[in-house]
Every structure is written in C-alpha cells, then in structure tokens.
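Asker: One structure is given below, represented as structure tokens, and several questions about it will come after.
Protein chains: 2
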Amino acid sequence: MDQIRAGIVVTGTEVLTARIVDRNGPWLSERLRELGFDVVHITICRDRPEDIRAQLEFMHSQGVELVCTTGGLGPTADDLTATIVGEFCEREMYLDEPTLEKIREIIANFTRRMNWDTEALDAGSRKQAVVPRGADILGPAGTAPGLVVRPPEGSDKPIVFVLPGPPGELQAIWNEAIETETFKALQDRTVVFEEQMIRMIGVPESDIAKTLREFDEAEGLGDLEITTCLRKGEMEILVSHRPEDRAKRESLIAAFNAQYSGAIFSQSAETVDEQIVRLLDGRTIALAESCTGGLLAQRLTVPAGASKYFQGSAVTYTNAAKARVLSVPESELEEFGAVSPQVAKSMAEGALDVFQADFAVSITGIAGPDGGSKEKPVGTVEFYAVTADGRNRALSLVLPGRRQDVQERAATVALHLLRSLVSE
Amino acid sequence: MDQIRAGIVVTGTEVLTARIVDRNGPWLSERLRELGFDVVHITICRDRPEDIRAQLEFMHSQGVELVCTTGGLGPTADDLTATIVGEFCEREMYLDEPTLEKIREIIANFTRRMNWDTEALDAGSRKQAVVPRGADILGPAGTAPGLVVRPPEGSDKPIVFVLPGPPGELQAIWNEAIETETFKALQDRTVVFEEQMIRMIGVPESDIAKTLREFDEAEGLGDLEITTCLRKGEMEILVSHRPEDRAKRESLIAAFNAQYSGAIFSQSAETVDEQIVRLLDGRTIALAESCTGGLLAQRLTVPAGASKYFQGSAVTYTNAAKARVLSVPESELEEFGAVSPQVAKSMAEGALDVFQADFAVSITGIAGPDGGSKEKPVGTVEFYAVTADGRNRALSLVLPGRRQDVQERAATVALHLLRSLVSE
Numbered sequence: 120m121d122q123i124r125a126g127i128v129v130t131g132t133e134v135l136t137a138r139i140v141d142r143n144g145p146w147l148s149e150r151l152r153e154l155g156f157d158v159v160h161i162t163i164c165r166d167r168p169e170d171i172r173a174q175l176e177f178m179h180s181q182g183v184e185l186v187c188t189t190g191g192l193g194p195t196a197d198d199l200t201a202t203i204v205g206e207f208c209e210r211e212m213y214l215d216e217p218t219l220e221k222i223r224e225i226i227a228n229f230t231r232r233m234n235w236d237t238e239a240l241d242a243g244s245r246k247q248a249v250v251p252r253g254a255d256i257l258g259p260a261g262t263a264p265g266l267v268v269r270p271p272e273g274s275d276k277p278i279v280f281v282l283p284g285p286p287g288e289l290q291a292i293w294n295e296a297i298e299t300e301t302f303k304a305l306q307d308r309t310v311v312f313e314e315q316m317i318r319m320i321g322v323p324e325s326d327i328a329k330t331l332r333e334f335d336e337a338e339g340l341g342d343l344e345i346t347t348c349l350r351k352g353e354m355e356i357l358v359s360h361r362p363e364d365r366a367k368r369e370s371l372i373a374a375f376n377a378q379y380s381g382a383i384f385s386q387s388a389e390t391v392d393e394q395i396v397r398l399l400d401g402r403t404i405a406l407a408e409s410c411t412g413g414l415l416a417q418r419l420t421v422p423a424g425a426s427k428y429f430q431g432s433a434v435t436y437t438n439a440a441k442a443r444v445l446s447v448p449e450s451e452l453e454e455f456g457a458v459s460p461q462v463a464k465s466m467a468e469g470a471l472d473v474f475q476a477d478f479a480v481s482i483t484g485i486a487g488p489d490g491g492s493k494e495k496p497v498g499t500v501e502f503y504a505v506t507a508d509g510r511n512r513a514l515s516l517v518l519p520g521r522r523q524d525v526q527e528r529a530a531t532v533a534l535h536l537l538r539s540l541v542s543e
Numbered sequence: 120m121d122q123i124r125a126g127i128v129v130t131g132t133e134v135l136t137a138r139i140v141d142r143n144g145p146w147l148s149e150r151l152r153e154l155g156f157d158v159v160h161i162t163i164c165r166d167r168p169e170d171i172r173a174q175l176e177f178m179h180s181q182g183v184e185l186v187c188t189t190g191g192l193g194p195t196a197d198d199l200t201a202t203i204v205g206e207f208c209e210r211e212m213y214l215d216e217p218t219l220e221k222i223r224e225i226i227a228n229f230t231r232r233m234n235w236d237t238e239a240l241d242a243g244s245r246k247q248a249v250v251p252r253g254a255d256i257l258g259p260a261g262t263a264p265g266l267v268v269r270p271p272e273g274s275d276k277p278i279v280f281v282l283p284g285p286p287g288e289l290q291a292i293w294n295e296a297i298e299t300e301t302f303k304a305l306q307d308r309t310v311v312f313e314e315q316m317i318r319m320i321g322v323p324e325s326d327i328a329k330t331l332r333e334f335d336e337a338e339g340l341g342d343l344e345i346t347t348c349l350r351k352g353e354m355e356i357l358v359s360h361r362p363e364d365r366a367k368r369e370s371l372i373a374a375f376n377a378q379y380s381g382a383i384f385s386q387s388a389e390t391v392d393e394q395i396v397r398l399l400d401g402r403t404i405a406l407a408e409s410c411t412g413g414l415l416a417q418r419l420t421v422p423a424g425a426s427k428y429f430q431g432s433a434v435t436y437t438n439a440a441k442a443r444v445l446s447v448p449e450s451e452l453e454e455f456g457a458v459s460p461q462v463a464k465s466m467a468e469g470a471l472d473v474f475q476a477d478f479a480v481s482i483t484g485i486a487g488p489d490g491g492s493k494e495k496p497v498g499t500v501e502f503y504a505v506t507a508d509g510r511n512r513a514l515s516l517v518l519p520g521r522r523q524d525v526q527e528r529a530a531t532v533a534l535h536l537l538r539s540l541v542s543e
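Set out below in structure tokens:
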C-alpha cells in the first residue's frame, strides 16, 4: 500500500505578492502528513481564474488525489475559488438557502453595534452562499463556508477541500472536513508513516552527511526518509518510514547517539523551548534583553499558560535603561561597554532581582548592520545565566548572519544556556 | 508590450513539511515585481528529482520565461537542484575548478578553529562545484554558488536562476544575478507597473467592495489591478497599473479619500511602524507590555538603528513584576485587576518614568485561550499612551481571534494609539 498524494493550492494576490505570510500551507502540510498523506506540491497563485485552474490541473497531472485550496472565499468579486473548483469538479453552482441564512445570522450578530452598509454586506453574503451542487458544506466559522467537493463518478480527478484564507477560520472547520464520508473513504487507503526527530547543536551539515553515507555503506539506509535542517543554529534530523522499517530507524538513531551524544539535546519532537518549560516544573524565569529587543520574551510567551513560568523581560536597549531598570553600574557601562561579559552578568543579576525569579538569562550584543568595531564585530553577543541560589554560566560568541539571523540565533543560544542550568 | 511571466520554485523537504518558514519566495516575488515581472506561480516541493522536474515543466507550460529556484545547493546527497536544472536546460554538468578553489578557501577560513572532519567537508565542496556548462556562476556568499542557466538556443524554455536556500546567501548574490547579460536581455522586454498602496483602519472589506463596484459602474476600473488585504486589523489596498493608466488610479484614490478620509492613515508604502519612527524625529519611546509578551518591542527593534528612538520595554507578565518594575500600586492590581484601565495607565506612566522616554504606551489584556471571564472575556485589552508633557489617550477593546491574533492586533492598536499622540 502506498501513501496517497496530496497537494495544497494557496490563492491570494496578497500572499503571492508577499504582503502577508502564508500560514495555511505549512499548517495543512503538517495535518495531512499526520493523517498519512504524502504532500507532494504546495502552489501559490493570485486570485486569477486561469492561474487557479492551471494549478488544479497540475495537481491532477501529478497523481494528487486530495487538494486543499485556501483563500478566495470572501465577499468580494475577486474571490473566485469556489466557482473554479466547481467547474474543475464539473459541478453546477447554486445558492444554498440554509447557508445564506447562517451567514446572515453571523453578520447580524457581528454588526449589531456597527454602522456598516447592510446592503453591501448582504450582497457579499449571497455571493458566499453560492456553492457547487453535492458538496459538503463546512462551518462557516467566519462568514465563508468551507467545502468538500467530489469529482464526477468515475473521474480520476482529486477531491478538493475548499477552505477559507483566515487561519483561524480554516482551522476551526478542519475537523468537520476530515469527518466527511468523502475524506474517510480516501484516508482508509493511505498509510501513516512513523517518524522520529533528533535535534543537536554545534554539528555541521557535512558531518551529518558523512555519518549518513557511512551508515548507508555499512547497513544500508533502505527506505528511510531523512531530512536534515539547520535552523537558528540548531540541526534537526527527521527520520520517517513505513511501520515495518522501525528497526532500521532505531539502528540509525543509535549510530547518531554513538557519534554525537554531547551535541544531541532532544530525541523527540520536543524543542528547547518546551524542554525548559517542562524542566522548570513550577520555577520561574526572567530575561534581560538588549540586541534581541524582546524576541526571546515573545518566543517564551507564545504558549498559552506562559504566566505559570514567565515573570517578565526587561528589554533595555539603551545604557540609561540598563542602569535604571536593571541596576547595571554606570562605571561598568563606561569601562567595558554595553556589550561586555561584565554588563551581561549585571543585567542577568538585575533581572533576577527585579523580577524575583528563580532563573534569569541576559543577552547583550551587536545585531548590526551598524555598531561593530574591530574588537567587537557585528554578531558579537554576550550571554549570562544565573540562578537564585547563585549558580551561573557565561558565554561569548560571534554569531554569523544578518541582523535578524543574529537576533534569532542569540535567542536560541540563550535558551540553551538557560537549559543547561535548569536541567542541573 | 506585456509583462514577462516569472515563477519561483522553492525546494526543500523542510519547507514543504513546515519545519521552516520560507522567506525566499516572498522576497523574490517582491524583487521580481519591482523589476517589472508578473510573478504567476510560486511552487514548493521536496528535494525529490521528479517533483522539482515536474514544477519546472509546469512553469514552462504556463509561459513563464524566468524561473528562480531556491534551495537544494548544499553539500549533501539530497541537494539536487543544480543537476536537475542542468538537465532541464539540456546542459552537461562539469566540475568547475575555479569555483572549487573559492569554496575550499571559504571553508578553510571558516573551519580554522573548528575540529570538523575535513574529508567530509571536501567531498561536499566538490559536489557544490559541479555546475551546468555555460552557466553564469554567482558568488558564492556561503559555500553554495548560485547559477544563471540558459536553455538551449531557440528553445522556449525559461531562463533559470538557481539560488541557495539560506536567505542571507540568496540575497547576497541577487545583484550579481540581475546584472548578467542573460537577465538584462530579458528585462529589456518587460514593463514596470506603477503602484500605490493606501492603508486604513476600521473599515470592513464589504464596504471596500461596494466602493469599487460603484466606481466601476460610474467611471470604469479599466485595467487597474486592485488587491485588498486585511491584516492585523488594518486594511491595505494596492492599486497597480501600466504607466498610461495613472489618471485612472488617481481618480480611484480620490474616491477612496472622499469616502474614508478619517480611516486612511497612509497613502504611500509607509506602515504605521515607519510613520511613528519618522514622526518621532529624534524623540524616544518606551513600552509596558503584558499580554503581548515582548511582541511590540520585537516589532519596533526590527529596523536597524532602532536605538535612536527605542529606549526599551518592560515586559511585565505577573502582578509582582508590574508592581516592582513599573511601580503599579498593589492596591490598583487588587481592586481593578491587572487588565483594567487603571493598571494600563499606571503601567504606561511607570514605563515613561523608568525608561525616561518622551512617549510610552502600555498593553494589558487577556490573549487567551484561558483567563477570560464574563466581565472580561478573552480578547479584552486595555491600552494607555502618555507623553512626558502629560498628554494621554486611553482605549479599551475586545479583539477577535485566537491567542496569536489577539497579540498581533493588540500590538497594532497600540501603535495607532501612539501614532495619534506622536503626530499631534
């Protein structure tokens, strides 16, 4: 049995022209993989009928049996996806009265206190209630219903999920889509791969390539699918395979463990962020940030429930702020400069004190592109981590890359430094 | 004269499987648009030869004359893009000795102090120096050279830019790519569109659709291309057109100005972030953040040179942190709760004082998914902006969406509140 091939068609001029970042393609790709589909192609185009049509035909030509489209379900005239998918699946379009009533009700609730043009709104609602004959109608969570559209009987065209563009609306109706009979019949024919992720720091990609070559020569990699990915200074290796190849995967992971035991920090899907939260186990952290400008605080407050462990961050961009908020001595700032081991230490100790936390970590550096010197080039970053009971770690690095890379890598390094203290 | 069609092929299993966010597709799309190309399709696939080949053939079938590929130029065996593009363009592959020497030199500089396996590294370098005959060789900025590959004489296949995956490396060699004779000959045949962006807040998409319909009925939209995009609570409208349709665009923009004068805050490409930086004109700002967890600080420190206007942010996630860092009275926290107009005011005043800034804005709210109540549902956010000379603005909102949406919209609202004070 093979995996069923799937594709994702992201429509929207604002996505193609880079005015918004597509969050739907990645989200759908993960969901489809979990459900046992081989996502082969993700394609992005404007809200132009001929381009959307071409992408649907391309998916068909590639043996894709399930396509998810996102976007183009809004109330405006350039939102055309439902009509084009209807044509592609050879389904007549009709105004679905129950759907229209649902949309009108949602709009009425939403606009009760607004002074919006109701005639314009109702034209939009009518447009959104026009759907292909025979489709399953999902939601709507916003005002745009999703659709599950089947091709005509006997056709080898794909089934199409027509999903709205706003990620919240799309995600809200996803479970409805995968509970339809149409989807379930498809899913029964696919096979869910097993996978394991290992994460390490400080190992170059070429070493990993060599280890893989050597393993292949000695034992053979067989049908294992291996992806290596370097991001924000960490190396991720994902090994996925059919259930029957489990022993092969375990053998490869053992080889990695033998060679890189010091560098591997995670052998599950767990990120360093998640490890820290787990290891904290009720204890609290505080941050003192300079060149990362709040990025590390933002990262640690992405999860719901962050208030259980996160006290706060003092984002002190200027010398004056470091002195006033974190009590960094003016003399240190003058003598050693804001980017120095001494100031990093005082910042972390200041954060520990002012936020009354169990752990604190500081970051002070030169993210660039300006501000570098011969002694302290762009990318120079000083870190200091400290605990309420006096344990500590210091680190000085010159990180490669542009401003955003330096900021992202510095945040990751600070987390690894913090982790080494939290896990003791 | 028409615009020349372009396409972008993003390769990489880590992108397709959503382990990293693609930054190259959007970046290239903007650059190509600026240069007068009509970017029609962006496609993403794994590092699988048959999938990359299928996408190149799809681009060809769609009349695309320039394809940019990104990724798949690394030292490992699954990095295959150069070879596949060579095949597609019917070019023989060869080891380019000068390129190999360049890569060796770069690697030697990089690994001088590292204890890495040099044999593994050199196998990688040799692989990266194998390129299609006749191609222009770009860089390398990292270790992977970029390529400009022409199809055989007389073929209607596209020209292919083969670019590396790391955004910093790709961007570093871009100018070399567009300065090749091959590219210049193509660019001479295309036409650069003019465009204008207007941005507004508080107007629903359906109103915009109605305004556009009415304008079309009255004067005709002609060949104007109009994209509307709602993001983080702001509405963006981009109007683009051939140079000869300028009067039509000006007439449409005038119609928007007549109808939405109060809601429009920008008629150029300038974002609210950029407006604030410009309007500050040397004056400084500080933040007091709670539910946004450093997101607004991070946003304001994205630009290089942020230290000119940004003093810092107190990310105070707990009541204790609000009291200690921002001097919020404990009595207010007890009586009104952390999410209250009173606490928002004290937070902003505390930030103004501790960071010694000219302006401060505070955000305290319930991002969810937990923590809501009947009186203060999830999405409730209190804002307060204040100046050193005592002017101020307060705002209470219930923002829609999930945790991340609430955080992003709250950051945007805070910037608009700040802008109203800074522009006075």
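Protein sequence lines correspond, in order, to chains A and B.
If you read the first sequence in my numbering, its first letter stands for residue 120, the second for the next number, and so on.
If you read the second sequence in my numbering, its first letter stands for residue 120, the second for the next number, and so on.
Every residue, glycine too, gets a C-beta built ideally from N, C-alpha and C.
Chain A beta carbons: is any one of them nearer than 8 angstroms to that of G155 (chain B)?
Answerer: Chain A, which has no Cβ nearer than 8 angstroms to the Cβ of G155 (chain B), makes this no.
Asker: If the cut is a Cβ gap below 8 angstroms, which residues of chain B does Y436 (chain A) touch?
Answerer: Per Cβ cutoff of 8 angstroms: T420, A425, S426, F429, Q430, G431.
Asker: For S385 (chain A), which three-state DSSP category applies?
Answerer: Strand at S385 (chain A).
Asker: Find the nearest neighbour of L185 (chain B) within the set B:D166, B:I127, B:V434, judged by alpha-carbon distance.
Answerer: Minimum Cα distance to L185 (chain B) is reached at B:I127.
Asker: Applying a beta-carbon distance threshold of less than 9 angstroms, which residues of chain B neighbour F548 (chain A)?
Answerer: Residue 548 (chain A) lies beyond the stretch modelled for chain A, which goes from 120 to 543, so this question has no answer here.
Asker: Where do the ends of the alpha helix (DSSP H) carrying R521 (chain B) lie?
Answerer: It is not in any alpha helix (DSSP H) - R521 (chain B) carries neither H nor E in the DSSP assignment.
Asker: Since V517 (chain A) contacts P496 (chain A) with CB under 8 angstroms, what's their CB separation in whole angstroms?
Answerer: Contact flag correct, Cβ pair sits at about 6 angstroms.
Asker: Under 7 angstroms Cβ-Cβ, which residues of chain A neighbour P488 (chain B)?
Answerer: Those within 7 angstroms of P488 (chain B) in chain A are A423.
Asker: Can you check which of these residues, B:R528, B:E494, B:A533, B:V525, is closest to A563 (chain B) by C-alpha distance?
Answerer: There is no way to answer for residue 563 (chain B), as the model of chain B reaches only from 120 to 543.
Asker: So if I threshold CB-CB distances at 7 angstroms, which residues from the segment 320-343 of chain B count as touching chain A?
Answerer: Those would be P323, E324, S325, D326, A328, K329, in chain order.
Asker: Tell me which residues share the same chain as A440 (chain A) and place their Cβ nearer than 6 angstroms to its Cβ, disregarding the 5 neighbours each side in the sequence.
Answerer: Once the five neighbours on either side are set aside, A440 (chain A) has no close Cβ partner at all.
Asker: Ends of the alpha helix (DSSP H) at E87 (chain A)?
Answerer: The requested residue 87 (chain A) is not part of the displayed model; chain A covers only 120 to 543.
Asker: Please name the residue, chosen from A:R332, A:T195, A:S465, that lies closest to A242 (chain A) on a Cα-to-Cα basis.
Answerer: When only C-alpha atoms are compared, the closest one is A:T195.
Asker: Taking CB distances under 8 angstroms as the criterion, tell me whether F177 (chain B) reaches chain A.
Answerer: Interface residue, yes.
Asker: S459 (chain A) by DSSP, collapsed to three states: which one?
Answerer: Reduced to three states, the DSSP call for S459 (chain A) is coil.
Asker: Between I485 (chain A) and L419 (chain B), what straight-line distance do the alpha-carbon atoms span, to the nearest angstrom?
Answerer: In a straight line, the C-alpha of I485 (chain A) is about 16 angstroms away from that of L419 (chain B).
Asker: Report buried or exposed for Y213 (chain B), applying the criterion of at least 16 other Cβ atoms within 10 angstroms of its Cβ.
Answerer: Burial call: exposed.
Asker: Measure the alpha-carbon distance for M466 (chain B) versus S446 (chain B) and round it to whole angstroms.
Answerer: Looking at the two C-alpha atoms, the distance is approximately 8 angstroms.
Asker: What first and last residue would you give for the alpha helix (DSSP H) that runs through T301 (chain A)?
Answerer: Taken as a continuous stretch (DSSP letters only), the alpha helix (DSSP H) holding T301 (chain A) covers 300-306.
Asker: Flag this pair as touching only if the segment 367-378 of chain A and the segment 395-413 of chain A have three or more C-beta atom pairs under 8 angstroms; answer yes or no.
Answerer: Output reads no: the segment 395-413 of chain A does not touch the segment 367-378 of chain A.
Asker: Taking all protein chains shown into account, decide if D342 (chain B) is buried (16 or more other Cβ within 10 angstroms of its Cβ) or exposed.
Answerer: Exposed: under 16 other Cβ atoms inside 10 Å.
Asker: From V204 (chain A) to V279 (chain A), what does the alpha carbon distance come to, in whole angstroms?
Answerer: Approximately 7 angstroms, taken between the alpha carbons.
Asker: Find the nearest neighbour of V183 (chain B) within the set B:D166, B:G190, B:V311, B:L151, judged by alpha-carbon distance.
Answerer: Of the candidates B:D166, B:G190, B:V311, B:L151, the one whose C-alpha sits nearest the C-alpha of V183 (chain B) is B:L151.
Asker: Contact criterion: CB-CB distance below 8 angstroms. Does T346 (chain A) meet it with respect to chain B?
Answerer: Cβ-Cβ to chain B under 8 angstroms: yes for T346 (chain A).
Asker: Once the 5 residues before and after K246 (chain B) are set aside, which same chain residues still bring their CB inside 7 angstroms of it?
Answerer: Excluding positions up to five away in sequence, the list reads P194.
Asker: I need the boundaries of the beta strand (DSSP E) containing T483 (chain A), first residue and last residue.
Answerer: 478-484 is the extent of the beta strand (DSSP E) around T483 (chain A).
Asker: On the CB-based measure, 16 or more other CB atoms within 10 Å of its CB, does V421 (chain A) come out buried or exposed?
Answerer: With fewer than 16 other Cβ atoms within 10 Å, it is exposed.
Asker: Under 8 angstroms, CB to CB, which of the residues in the segment 138-151 of chain A have a partner in chain E?
Answerer: No chain E is present in this structure, whose protein chains are A and B.
Asker: Where does G251 (chain A) sit, in a helix, a strand or coil, going by DSSP?
Answerer: The question names Gly, but residue 251 (chain A) in the sequence shown is Pro. P251 (chain A): strand per DSSP, three-state reduction.
Asker: How big is the Cα-Cα spacing for V500 (chain A) and T390 (chain B)?
Answerer: Computed Cα separation, rounded: 30 angstroms.
Asker: Within 10 angstroms of the Cβ of P277 (chain A), are there 16 or more other Cβ atoms? Answer buried if so, exposed if not.
Answerer: Flag for P277 (chain A) reads buried.
Asker: Work out the CA separation of F384 (chain A) and R223 (chain A) for me, nearest whole Å.
Answerer: Rounded to whole angstroms, R223 (chain A) to F384 (chain A) spans 53 angstroms at the Cα level.
Asker: What number of angstroms, rounded off, separates the C-alpha of F334 (chain B) from the C-alpha of L175 (chain A)?
Answerer: Taking the straight line from one Cα to the other gives about 33 angstroms.
Asker: Taking the DSSP output, what are the residues bridged to M466 (chain B)?
Answerer: Looking at the DSSP assignment, M466 (chain B) forms no beta bridge with any residue, so it has no partner.
Asker: Drop a sphere of 10 angstroms on the beta-carbon of T531 (chain B), count the other beta-carbons inside from all chains shown, and report buried for 16 or more, exposed for fewer.
Answerer: Buried.
Asker: Among B:E453, B:F156, B:R167, B:L154, which has the Cα closest to the Cα of V159 (chain A)?
Answerer: Looking at the Cα atoms, B:R167 is the closest of the given residues.
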